[in-house]
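For reference, the structure discussed in these notes is given below.
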Amino acid sequence: YKIMQICNKTIFLTFISFLFIVQISFAQNNDSSEIKWNYNKLMEPYSFDNGLIITPPPYFVPFKQLDKEGFMNPQMLSSIELQRKNNVPFPILANQIKENLENQKIFLINEEKNLTNNNKSCLIYEFIYNAMSSNGENIDFHEIILITGDYKQSIICTAIFPEMHYKLLHLIMKESLLSIDWKDSEL
Numbered sequence: 011y012k013i014m015q016i017c018n019k020t021i022f023l024t025f026i027s028f029l030f031i032v033q034i035s036f037a038q039n040n041d042s043s044e045i046k047w048n049y050n051k052l053m054e055p056y057s058f059d060n061g062l063i064i065t066p067p068p069y070f071v072p073f074k075q076l077d078k079e080g081f082m083n084p085q086m087l088s089s090i091e092l093q094r095k096n097n098v099p100f101p102i103l104a105n106q107i108k109e110n111l112e113n114q115k116i117f118l119i120n121e122e123k124n125l126t127n128n129n130k131s132c133l134i135y136e137f138i139y140n141a142m143s144s145n146g147e148n149i150d151f152h153e154i155i156l157i158t159g160d161y162k163q164s165i166i167c168t169a170i171f172p173e174m175h176y177k178l179l180h181l182i183m184k185e186s187l188l189s190i191d192w193k194d195s196e197l
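One gets our numbering by counting positions in the sequence shown from 1 and adding 10 to each.
Structure representation (structure tokens):
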């Protein structure tokens, strides 16, 4: 339970920080609807210092903040966040996250067991929630949480994007999350 509280606080703080960064970035207002979005599994994987390896969607830039790393695209109000929790078994954390979502009465729109591109078991939860953007608008956001790992660690990958960009971003964000892999950390 305590792990879930810490996870929720860090997810919330990262999201608030992300919205602040987005507000600054909107000064360079580009028309991102004209960008051709695609996801190519042959794209170059990106390695983080904590041993996590993922292939980001096109036009996403890496960031590092506290214990989270990931990618963001400020023009699309979208991000992918990665966390590695050592000494937290994947099956236990996956159950705790699901129970926490249910306790918060968050409307799950999809829940599935899957395999990553490297044939590692994962669970994927998808839901929609409403949040206020940095410019004061209420926006529906789509969130995909992929949890994988083993009995020594858990890897949490979270993709967030506006629901209005669902057709454009859903598949590429999910494919990016499924590309997660890792090197064993030095414990």
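Glycine included, every Cβ here is placed at the ideal spot set by N, Cα and C.
**Q.** 6 angstroms CB neighbourhood of L92 in its chain, flanking five on each side removed
**A.** L62, E79, G80 and C167
Q: State the start and end residues of the unbroken alpha helix (DSSP H) segment that holds E112.
A: Run containing E112: F100 to N113, per the alpha helix (DSSP H) assignment.
(Q) Taking the alpha-carbon of N140 as reference, which of A104, D191, P55 and I116 has the nearest alpha-carbon? (A) I116
Q | For K95 and P55, the rounded distance between their alpha carbons | A | 21 angstroms
Q.
For I119 and I138, which I take to be in contact (beta-carbon distance under 8 angstroms), what is that distance rounded to the nearest angstrom?
A. 6 angstroms
Q. Opposite M86 in the DSSP bridges: which residues?
A. Paired residue(s): none; M86 is not in a bridge.
(Q) I need the DSSP call for Y176, collapsed to helix, strand or coil. (A) helix
Q | Neighbourhood of N128 by C-beta distance below 6 angstroms, restricted to the same chain and skipping five residues each side | A | Once the five neighbours on either side are set aside, the close Cβ partners of N128 are D191.
Q | Reference L223, options S131, Q75 and S164, closest by Cα | A | Since the first and last residues shown for the chain are 11 and 197, residue 223 lies out of range.
Q.
Are there any heavy atoms of the ligand GDP lying less than 7 angstroms away from the beta-carbon of Q93, as far as the coordinates show?
A. With respect to small molecules bound, the structure shown includes none, and the ligand GDP cannot be examined in it.
**Q.** Selection from I149, I157 and F58 that minimises the alpha carbon distance to T126
**A.** I157
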